[in-house]
Amino acid sequence: EAGVAQSPRYKIIEKRQSVAFWCNPISGHATLYWYQQILGQGPKLLIQFQNNGVVDDSQLPKDRFSAERLKGVDSTLKIQPAKLEDSAVYLCASSLGSYLSGYGYTFGSGTRLTVV
Amino acid sequence: ELKVEQNPLFLSMQEGKNYTIYCNYSTTSDRLYWYRQDPGKSLESLFVLLSNGAVKQEGRLMASLDTKARLSTLHITAAVHDLSATYFCAVVPSGYSTLTFGKGTMLLVSP
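One line per chain: the protein sequences are A and B, in this order. With our numbering, the residue at position 59 of the first sequence is 96, and numbering never jumps. With our numbering, the residue at position 81 of the second sequence is 90, and numbering never jumps.
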């Protein structure tokens, strides 16, 4: 089974620039998550999608972050304009969310963003 | 707001020793997860604990869950260097489907 694919793996941008990350979840997983992991901390949820609808975006800084999941498959996360404190690893995860799947979450390799 | 607290945050131990990492959480939960993260890598699922009293073991790691105490433990038996990594617990609150993570425990096993 193919895993959760993310790109790019690394990105360095200057503050006030914009950046976009892409995620392709495991086939058939209706639920997709974006997490932000700052160095030395645990991942923090930014947004949860169920198919192409938003379930929870309460912790997404909406003045600069946006995310979409068109057609309920791939997702993009955008930051515009970036700030120094946005430097982090952005993890995408997907889940089938059922007993049969063991309620497992699968994480991608992440995109490491450095804002200079 | 759900709080997930792990301790210790850093653990240095010698090979062959035993130790336990603790994970406390502040609200009722249906599920608790343990993940391992190596430097520069993503999260690898270790255990999913679904009910009170659940115990799971894989190699030198054993995880348990006490939902009444809102406590999970990850016990390391006879540690080896390969176990060096950061370990996270993550909780799914009852009625929700999102993971809330602790800050992680950085484990360093030395000869």
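Note that CB positions come from ideal geometry on N, CA and C, so glycine has one too. Predicted model only: the values in this text are computed from it and were never measured.
Any chain B beta carbon closer than 8 Å to residue i
{"i": "Thr-68 of chain A", "result": "yes"}
{"i": "Thr-146 of chain A", "result": "One detail in the question is off: residue 146 of chain A reads as Ser in this sequence, not Thr. True, the Cβ-Cβ gap to chain B drops below 8 Å."}
{"i": "Tyr-142 of chain A", "result": "yes"}
{"i": "Gly-109 of chain A", "result": "no"}
{"i": "Gly-65 of chain A", "result": "no"}
Chain A within 8 Å of residue i, Cβ atoms only
{"i": "Arg-45 of chain B", "result": "no"}
{"i": "Leu-7 of chain B", "result": "Chain B is shown from 10 up to 120; residue 7 of chain B falls before or after that span and cannot be answered."}
{"i": "Arg-40 of chain B", "result": "yes"}
Three-state secondary structure assigned by DSSP to residue i
{"i": "Leu-82 of chain A", "result": "strand"}
{"i": "Asp-93 of chain A", "result": "strand"}
{"i": "Lys-65 of chain B", "result": "strand"}
{"i": "Glu-10 of chain B", "result": "coil"}
{"i": "His-66 of chain A", "result": "coil"}
{"i": "Leu-76 of chain A", "result": "coil"}
{"i": "Leu-133 of chain A", "result": "coil"}
{"i": "Glu-53 of chain B", "result": "strand"}
{"i": "Lys-108 of chain A", "result": "helix"}
{"i": "Leu-20 of chain B", "result": "strand"}
{"i": "Leu-92 of chain B", "result": "helix"}
{"i": "Leu-121 of chain A", "result": "helix"}
{"i": "Leu-39 of chain B", "result": "Here residue 39 of chain B is Asp; the residue named in the question, Leu, does not match the sequence. Three-state result, Asp-39 of chain B: strand."}
{"i": "Lys-48 of chain A", "result": "strand"}
{"i": "Asp-47 of chain B", "result": "coil"}
{"i": "Thr-29 of chain B", "result": "strand"}
{"i": "Thr-107 of chain B", "result": "coil"}
{"i": "Asn-88 of chain A", "result": "coil"}
{"i": "Arg-149 of chain A", "result": "strand"}
{"i": "Lys-77 of chain B", "result": "coil"}
{"i": "Ser-119 of chain B", "result": "strand"}
{"i": "Thr-143 of chain A", "result": "strand"}
{"i": "Gln-15 of chain B", "result": "strand"}
{"i": "Pro-162 of chain B", "result": "The question about residue 162 of chain B has no answer here: the residues shown for chain B are numbered 10 through 120."}
{"i": "Ser-156 of chain A", "result": "Past the edges of chain A, shown from 38 to 153, lies residue 156 of chain A, and the structure says nothing about it."}
{"i": "Ala-39 of chain A", "result": "coil"}
Within chain A, the residues that residue i reaches when beta carbons sit closer than 9 Å
{"i": "Ser-81 of chain B", "result": "Per Cβ cutoff of 9 Å: no residues; Ser-81 of chain B is ~15 Å from chain A at best."}
{"i": "Leu-55 of chain B", "result": "Correct list: empty, because the minimum Cβ distance to chain A is about 11 Å."}
8 Å Cβ cut-off: residues of chain B touching residue i
{"i": "Leu-128 of chain A", "result": "Ser-51, Leu-52"}
Closer than 7 Å at the beta carbon, the chain A residues around residue i
{"i": "Gly-111 of chain B", "result": "Gly-79"}
Near-chain B residues of the segment 73–98 of chain A - C-beta to any C-beta below 7 Å: Gln-78, Gly-79, Pro-80, Leu-82, Gln-85, Asp-93
Where the segment 93–110 of chain B meets chain A: residues whose CB sits under 7 Å from a CB there: Phe-97, Ser-106, Thr-107, Leu-108, Phe-110
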